[in-house]
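Taking this note's numbering, the leading residue of the sequence shown gets 8, the next gets one more, and so forth. Glycine residues also receive a C-beta, built at the ideal position from the N, C-alpha and C atoms. Nothing here was measured: the structure is a model prediction, and the numbers come from that model. Have a look at the structure below, then the notes.
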Amino acid sequence: MRSSESLTANSLESFARTAEAVAATTKKLEKAALLEGYFRQLDDEDLARSARYFAGQQFALSDARTTNVGSRILSEAMTSATGASPESLGARYARWGDAGDVAFELFVEAKPENEPSLTLAKTEDVLAQLSLTRGKKAKTELLTGALSKATALEAKYLVKLLSGDLRIGLREGLVEDAIARAFKQPLAEVSLANMLRGNIGEAAVRARAGALREVEMRLFHPLKFMLATPASDLADIARTMPDEFFVEDKFDGIRAQAHVQKGRVAIFSRTLDEISVRFPELLEPLAALPTDLIVDGEIIAARGEEILPFSNLQKRLGRKTVSEDLLASTPVVFVAWDLLYASDRVLINDPLESRRAKLEQIVSTAGGSGRLTAGALRLSEAKRFGDVSALDDEFDAARARGNEGLMIKDPSSFYKPGRRGREWLKLKRALATLDVVVTTVELGHGKRHHVLSDYTFAVRRSEDDPELLNIGKAYSGLTDVCGSSSHVS
Numbered sequence: 008m009r010s011s012e013s014l015t016a017n018s019l020e021s022f023a024r025t026a027e028a029v030a031a032t033t034k035k036l037e038k039a040a041l042l043e044g045y046f047r048q049l050d051d052e053d054l055a056r057s058a059r060y061f062a063g064q065q066f067a068l069s070d071a072r073t074t075n076v077g078s079r080i081l082s083e084a085m086t087s088a089t090g091a092s093p094e095s096l097g098a099r100y101a102r103w104g105d106a107g108d109v110a111f112e113l114f115v116e117a118k119p120e121n122e123p124s125l126t127l128a129k130t131e132d133v134l135a136q137l138s139l140t141r142g143k144k145a146k147t148e149l150l151t152g153a154l155s156k157a158t159a160l161e162a163k164y165l166v167k168l169l170s171g172d173l174r175i176g177l178r179e180g181l182v183e184d185a186i187a188r189a190f191k192q193p194l195a196e197v198s199l200a201n202m203l204r205g206n207i208g209e210a211a212v213r214a215r216a217g218a219l220r221e222v223e224m225r226l227f228h229p230l231k232f233m234l235a236t237p238a239s240d241l242a243d244i245a246r247t248m249p250d251e252f253f254v255e256d257k258f259d260g261i262r263a264q265a266h267v268q269k270g271r272v273a274i275f276s277r278t279l280d281e282i283s284v285r286f287p288e289l290l291e292p293l294a295a296l297p298t299d300l301i302v303d304g305e306i307i308a309a310r311g312e313e314i315l316p317f318s319n320l321q322k323r324l325g326r327k328t329v330s331e332d333l334l335a336s337t338p339v340v341f342v343a344w345d346l347l348y349a350s351d352r353v354l355i356n357d358p359l360e361s362r363r364a365k366l367e368q369i370v371s372t373a374g375g376s377g378r379l380t381a382g383a384l385r386l387s388e389a390k391r392f393g394d395v396s397a398l399d400d401e402f403d404a405a406r407a408r409g410n411e412g413l414m415i416k417d418p419s420s421f422y423k424p425g426r427r428g429r430e431w432l433k434l435k436r437a438l439a440t441l442d443v444v445v446t447t448v449e450l451g452h453g454k455r456h457h458v459l460s461d462y463t464f465a466v467r468r469s470e471d472d473p474e475l476l477n478i479g480k481a482y483s484g485l486t487d488v489c490g491s492s493s494h495v496s
């Protein structure tokens, strides 16, 4: 294998060695220092690429492209490139719990003589070609070609990147911190640039150039969503909230962000994917709003004032086209509750109370009553409360309306994209318990590969019929001790 001295910083091998060093330490400052030193060695294009890759992103968040490479394609490409038998993969996955680690083992055994052949730019080309290639067979052949000459480390991190998570103990915030340290820029400005543009690579390049303050938000590039923290009880709310706070129903739908500009409308999901085509009836009422804006809200299934179960809404999800029959049987509305941008102004650093007042004014101008507009756009009702003891009755009323529970918000709170704080709390009640049988379990991934983490549950068909019917899966809620294979008999 080529020595470290002869490697160039823009090689995937150098990236991978840096990633290995990052994975080897649990200390955040050491991780940031390793990235800081690496980032300084790169030109602008490779700096942008490496920042994205260390954040676990194949493309910028504002880039709609996806590679659509699943575990089957990865497995077939790895076996084709190394000559390993498909039957041998099961034991390897059980041993490592991570496709990248499996790739490393395969290539160490089969391709120890391979020299580094991939650069960060070539890696970007592979990702771009995969995003354009259609069909499992064609994608597998393309990936096999890219892997065939790779070193074990190159294969490991290309596969990890395609899996969607490097699993080296890095979060996007730590990558932002390393960028700020590398180019001596305020972390808050790096984070803001990344948030406004949805592109951590661009933020890194701007940080080096000292051009972070020139960043402006662009419509139709979605912002990350602000998230709420679960409230344990009413006393928790009383401790957290000011003397007066907003209370809204917590809807059982899908989080959505609408961008509107001169009649053009795009709706984005919580994963920042555009979902406009799935909800065509929402486009016209949103386009009728009188100014350019970004609205945060929820799409729910509803017929008139009746809120329909989430299972109705699920019929719309994952579809590229929506039939007239589905439009008629599963009507939806967009419930708006926050305003992030309006009339050329970014509003996320305005208090919620101010953002809410502007939203009400805009909706009212569009012809609504302030609470309910005509068509498929509604404004959530934000009630002012000062006494948490009244929330029990309000919770019951929200449930009676067909909603999950309550959202409690601090009127002075700023909008923090991608953050889960205590300025917003959500109150839900535990559902009734159900006795079930575990029918299937799956091993976790990465550091949790020894833990049984995904459970499929079943119930009897009836008291008289013992046939088990699967009713769902659970991915979280158990400790690692509960999920340890040594505790499962």
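Per-residue DSSP class, three states only, for Ala40: For the purposes of this step, residue 40 is identified with residue 33 of the sequence shown, where counting begins at 1. Looking at Ala40 - three-state DSSP - the assignment turns out to be helix.
Please state the DSSP three-state secondary structure of Leu459. For the purposes of this step, residue 459 is taken as residue 452 along the sequence shown, with counting starting at 1. In the three-state reduction of the DSSP assignment, Leu459 falls in the strand class.
Which full runs of the beta strand (DSSP E) of 3+ residues lie inside the region 246-294, going along the chain? Annotation: the region 246-294 contains the following complete segments of the beta strand (DSSP E) (minimum length 3 residues), in chain order: 252-257, 261-268, 271-276.
Taking Thr25 as part of the alpha helix (DSSP H), name the residues at either end of that continuous run. Position 18 of the sequence shown holds residue 25. That run of the alpha helix (DSSP H) goes 19-30.
Go ahead and pull the three-state DSSP assignment for Asp357. Sequence index remark: in the sequence shown, residue 357 carries index 350 (1-based). Coil, per DSSP.
Pull up the distance between the alpha-carbon of Asp70 and that of Pro473, whole angstroms please. For the purposes of this step, residue 70 is taken as residue 63 along the sequence shown, with counting starting at 1. For the purposes of this step, residue 473 is taken as residue 466 along the sequence shown, with counting starting at 1. Those two C-alpha atoms are separated by around 50 Å.
Rounded to whole angstroms, what is the Cα-Cα separation between Ser138 and Asp243? Taking the sequence shown and counting its residues from 1, one reaches residue 138 at position 131. Taking the sequence shown and counting its residues from 1, one reaches residue 243 at position 236. Linking Ser138 to Asp243 through their CA atoms gives a straight-line distance of about 46 Å.
Start and end of the alpha helix (DSSP H) containing Ala202? The sequence position of residue 202 within the sequence shown is 195, counting from 1. Residue identity check: residue 202 is Met in the sequence provided, not Ala. Boundaries of the alpha helix (DSSP H) harbouring Met202: 194-204, taken from the DSSP string.
If Val115 and Arg99 are in contact, beta carbons under 8 Å, what's the gap, nearest whole angstrom? Counting from 1 along the sequence shown, the entry for residue 115 is found at position 108. Counting from 1 along the sequence shown, the entry for residue 99 is found at position 92. About 12 Å; that fails the 8 Å criterion.
Could you give the distance in angstroms between the alpha-carbon of Leu289 and the alpha-carbon of Ile355? Taking the first residue of the sequence shown as position 1, residue 289 is located at position 282. Taking the first residue of the sequence shown as position 1, residue 355 is located at position 348. Answer to the nearest angstrom: the Cα atoms are 24 Å apart.
Confirm, please, whether the CB-CB distance from Arg24 to Leu127 is below 7 Å. As a working mapping, residue 127 is identified with position 120 in the sequence shown. As a working mapping, residue 24 is identified with position 17 in the sequence shown. Contact: no.
Residues that DSSP places opposite Ile314 in a beta bridge: Taking the first residue of the sequence shown as 1, we reach residue 314 at position 307. Looking at the DSSP output, Ile314 shares a beta bridge with Ala309.
Could you check what DSSP says for Thr446 in three-state terms: helix, strand or coil? Taking the first residue of the sequence shown as 1, we reach residue 446 at position 439. The answer is strand: DSSP assigns Thr446 an E or B state.
In three-state terms, what does DSSP make of Glu388? Walking along the sequence shown from the start, residue 388 turns up at place 381. When secondary structure is reduced to three states using DSSP, Glu388 falls in the coil class, being assigned neither helix nor strand.
Unbroken stretches of the beta strand (DSSP E), 3 residues or longer, contained in the region 316-350: Annotation note: the region 316-350 contains the following uninterrupted beta strand (DSSP E) runs of length 3 or greater, listed N- to C-terminal: 339-349.
So, does the region 424-442 touch the region 234-242, judging by three or more C-beta pairs under 8 Å? Yes: the two stretches touch, three or more of their Cβ pairs being nearer than 8 Å.
With a cut-off of 8 Å on the beta carbons, I'd call Ile369 and Leu296 a contact; round off their distance for me. Counting from 1 along the sequence shown, the entry for residue 369 is found at position 362. Counting from 1 along the sequence shown, the entry for residue 296 is found at position 289. Contact between Ile369 and Leu296 holds, with the beta-carbon distance rounding to 6 Å and staying under 8 Å.
How about Phe317 and Asp259: do their beta carbons lie closer than 7 Å? For the purposes of this step, residue 317 is identified with residue 310 of the sequence shown, where counting begins at 1. For the purposes of this step, residue 259 is identified with residue 252 of the sequence shown, where counting begins at 1. The Cβ atoms of Phe317 and Asp259 lie closer than 7 Å to each other.
Using a 10 Å radius around the Cβ and a threshold of 16 neighbouring Cβ atoms, would you call Leu476 buried or exposed? Counted from its first residue, the sequence shown places residue 476 at position 469. By the beta-carbon neighbour count (other beta carbons within 10 angstroms, threshold 16), Leu476 is exposed.
Does the beta carbon of Leu49 fall short of 6 Å from some heavy atom of the ligand MN? The model depicted lacks the ligand MN and carries no ligand whatsoever.
Pro424 burial status per 10 Å Cβ neighbour count (16 or more: buried): By 1-based counting over the sequence shown, the position of residue 424 is 417. With 16 or more other CB atoms across the displayed protein chains lying within 10 angstroms of its CB, Pro424 is buried.
Taking the alpha carbon of Ile175 as the reference point, which residue from Gly107, Leu125, Gly152 has its own alpha carbon closest? Taking the first residue of the sequence shown as 1, we reach residue 175 at position 168. By alpha-carbon distance to Ile175, the top candidate from Gly107, Leu125, Gly152 is Gly107.
Which residues mark the beginning and the end of the beta strand (DSSP E) in which Ala481 is found? Here residue 481 is taken as the residue at index 474 of the sequence shown, counted from 1. Where Ala481 is concerned, the enclosing beta strand (DSSP E) starts and stops at 475-481.
Decide if Ser396 is buried, meaning its Cβ has at least 16 other Cβ atoms within 10 Å, or exposed. Start at 1 with the first residue of the sequence shown, and residue 396 comes out as number 389. Classification for Ser396: exposed.
For a quick check, are the C-beta atoms of Leu203 and Met224 less than 7 Å apart? Locating residue 203 in the sequence shown gives position 196, counting from the first residue. Locating residue 224 in the sequence shown gives position 217, counting from the first residue. In contact: Leu203 and Met224 (Cβ atoms closer than 7 Å).
Kindly indicate which three-state DSSP category Glu430 falls into: helix, strand or coil? Your numbering for residue 430 matches position 423 in the sequence shown. Per DSSP, reduced to three states, the secondary structure at Glu430 is strand.
Helix, strand or coil at Phe464 [DSSP, three-state]: Along the sequence shown, read from residue 1 onward, the residue named residue 464 stands at position 457. When DSSP states are grouped into helix, strand and coil, Phe464 belongs to the strand group.
For Leu81 and Leu169, believed in contact at Cβ under 8 Å, the rounded distance: Here residue 169 refers to the residue found at position 162 of the sequence shown. Here residue 81 refers to the residue found at position 74 of the sequence shown. That pair is a contact at about 6 Å.
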